[in-house]
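Notes follow once the structure below has been shown.
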Amino acid sequence: MWSEFKDFLLKTNVLSLALAFIIGVALAAVVTSLVKDIILPPVGLLLGGVDFQNMFIDLSGKHYATIKAANDAGAPVIAYGNFINTVIVFIIVAFVVFLIARMLVKTTTTTKACPHCAMDIPLAATRCPFCTAELRGSAQGVA
884 MWSEFKDFLL KTNVLSLALA FIIGVALAAV VTSLVKDIIL PPVGLLLGGV
934 DFQNMFIDLS GKHYATIKAA NDAGAPVIAY GNFINTVIVF IIVAFVVFLI
984 ARMLVKTTTT TKACPHCAMD IPLAATRCPF CTAELRGSAQ GVA
């Protein structure tokens, strides 16, 4: 049973997935810091000195100076400034993932499907290496 589990982990790229997850979590921490510490302060300054982290709605009716003071008092608040930060972090992380995926995934078609066995084969193939069927037609089109 242990060898089957080991084979599952190694053959199904679970280790690669785990490493990618760890790198993704680290990247998210870096991007969170980038947004909160570098991007939002100048944006807040441009918007008239707005501090996104202290943007909240106090539902208790009392007026607290900061969200920390409201939380320490146990007051219910809607922390929409934190939500804005989280949305900006998400957009930046999604954009970085998009850029990485675009670099890694080829967008040009280099294969075609064999009309006999439906396996992917190189565009220039004249014979399918899987079913050995002879292919007719141009090297650029589907046979």
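Following this note's numbering, the numbering of the sequence shown begins with 884 at its first residue and continues without gaps. All C-beta atoms, glycine included, are put in the ideal place defined by N, C-alpha and C.
Taking the continuous alpha helix (DSSP H) assigned at residue 969, which residues delimit it? 963-987
For residue 933, three-class secondary structure by DSSP: Residue 933 sits in coil when the DSSP states are folded into three classes, being neither helix nor strand.
Range covered by the alpha helix (DSSP H) that runs through residue 915: Where residue 915 is concerned, the enclosing alpha helix (DSSP H) stretches over 897-916.
Short of 6 Å in beta carbon distance, which residues of its chain neighbour residue 1022, apart from the five on each side in sequence? Order them along the chain. Here residue 1022 scores only 49 on pLDDT, less than 50, and its place in the model should not be relied on; the value that follows carries that caveat. The residues are 1006 and 1007.
Can you give the Cα-Cα distance for residue 959 and residue 943, rounded to whole angstroms? 6 Å
Please work out which residues of its chain come closer than 7 Å, Cβ to Cβ, to residue 937, disregarding the five sequence neighbours upstream and downstream, and give them in chain order. 949, 950 and 964
Cβ-based neighbour list, residue 978, same chain, cut-off 7 Å, excluding 5 preceding and 5 following: none
Would you grab the beta carbon distance between residue 962 and residue 981 for me? Rounded to a whole angstrom, and I think it's under 8 Å. Contact between residue 962 and residue 981 is absent: CB atoms are separated by about 28 Å, not below the 8 Å threshold.
Quick one, are the C-beta atoms of residue 921 and residue 971 less than 9 Å apart? no
With DSSP as the reference, identify every bridge partner of residue 1019, one or two as the case may be. None; residue 1019 has no bridge partner.
For residue 955, report the span of its alpha helix (DSSP H) as first-last. 950-955
Rounded to a whole number of angstroms, what is the C-alpha to C-alpha distance between residue 890 and residue 1016? 34 Å
With 16 as the cutoff for other CB atoms within 10 Å, does residue 884 come out buried or exposed? exposed
Taking only three categories from DSSP, how would you classify residue 945? Taken through DSSP and simplified to helix, strand or coil, residue 945 comes out as coil.
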